[in-house]
Amino acid sequence: MRNYELEFKNRVEFIKNMLEKTKATGIVFGNSGGKDSALVGILCKAACENTVGIIMPCCSQRNFGEDMDDGKELSQQFNIETRVVDLTDVKNKELGVLENVTTITDAASANIAPRLRMITLYTIAASENRIVAGTGNRSEAYMGYFTKWGDGAYDFNPIADLTATEVFEFLRYLNAPSSIIEKAPSAGLFEGQTDEKEMGVTYKAIDKYITEGKGEPEDVETINRYHLRNLHKRKMPEVYACFEEDLK
C-alpha cells in the first residue's frame with residue numbers, strides 16, 4: 007500500500023506547480039459523485055482555494071439522484087464550491103438535429119454526454135481563467151474506458167497513475183463520504199450501467215494484471231482485448247508531417 011500521507015502532499019504540490027506554470031487563478035473539475043472525481047476534488051481544493059466542481063446531470067435518472075446527492079455531500083464535507091449544469095435539453099436537441107442526417111448508434115449517443123461535459127468545463131475554464139482537472143485513473147486508461155475528447159480531455163490529471171484500488175484506498179485514508187467509497191463504479195451514461203458489468207471484468211482483476219501481470223485466462227483475454235482495441239485513445243492523432251521539426 008502507498009504512503010498516502012506522502013502521496014497527498016506530493017500531489018497537492020504538483021497541482022500548485024500546474025497553477026504557477028499556467029498562470030491560472032483557479033481549477034474546475036467534473037463532480038460526478040464518483041470515486042475518481044471525489045479524490046481529484048479533494049486534492050485540488052487542498053492545493054487551490056478557488057476550486058469549483060461542476061455537477062452535470064444528463065438524461066440519466068441516476069445523475070439526478072444518488073450521483074448528485076453524493077457530489078453535493080463531497081462538496082459540503084470538503085467545502086468545495088459546486089454548481090449544477092443540467093445538460094439534458096442540450097443532448098436531446100443535439101440528437102434531434104443529428105437524427106436528420108444519420109442513424110445514431112447507442113454507443114455514439116452515450117458518448118455525447120461526456121463530450122458535452124468537456125465543452126462545459128472548458129467554457130467555464132476559459133471564462134474564469136481556470137484549468138481543467140482530469141479525473142481518470144490508471145485502470146480506466148489501460149482499458150481505454152473513457153470517452154475520446156470527452157472525459158479524456160483535460161489540462162492536468164493528479165490521479166492518472168493510481169489504479170482503481172488505490173483510489174479506493176486513498177479515499178478511505180481521507181475519510182471521504184462512505185456513500186461514494188462503497189458505490190459501484192459507473193459512468194452513469196444510461197440506467198443500470200456499471201463499469202464492471204459493461205467491461206465484463208472487475209477492477210480487482212484489472213489492477214492485479216496491471217500491477218502483477220497475473221490473472222485468470224478469461225480476465226486477461228478481456229483486458230488485452232480492451233487495451234488493444236482502444237489504443238487510439240491513448241495516442242495523439244496521426245498527422246502528415248512535411249516539416250517534422252515544427253511538430254516537436
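Read left to right, the sequence shown gives residues 7 to 254 (our numbering). For each residue, glycine too, the CB sits at the ideal point set by N, CA and C. What you are looking at is a predicted structure, and each value in this text was computed from that prediction instead of being measured.
Distances from the alpha-carbon of T141 to those of L168, F14 and S133 put L168 closest. The Cβ atoms of I48 and F84 lie closer than 8 Å to each other. I61 and I86 have their C-alpha atoms some 12 Å from each other. Secondary structure at T28: helix, using DSSP grouped into helix, strand and coil.
Burial check for R136: the Cβ neighbour count within 10 Å reaches 16 or more, so the residue is buried. In its chain, beyond the 5 residues on either side, L101 and L104 have a beta carbon closer than 7 Å to the beta carbon of I110. Where I186 is concerned, the enclosing alpha helix (DSSP H) starts and stops at S184 to E188. Going by beta carbons, A182 and A166 fall outside the 8 Å limit. For V245, there is no enclosing beta strand (DSSP E), as DSSP marks it with neither H nor E.
Here the alpha carbons of K189 and L180 stand approximately 17 Å from one another.
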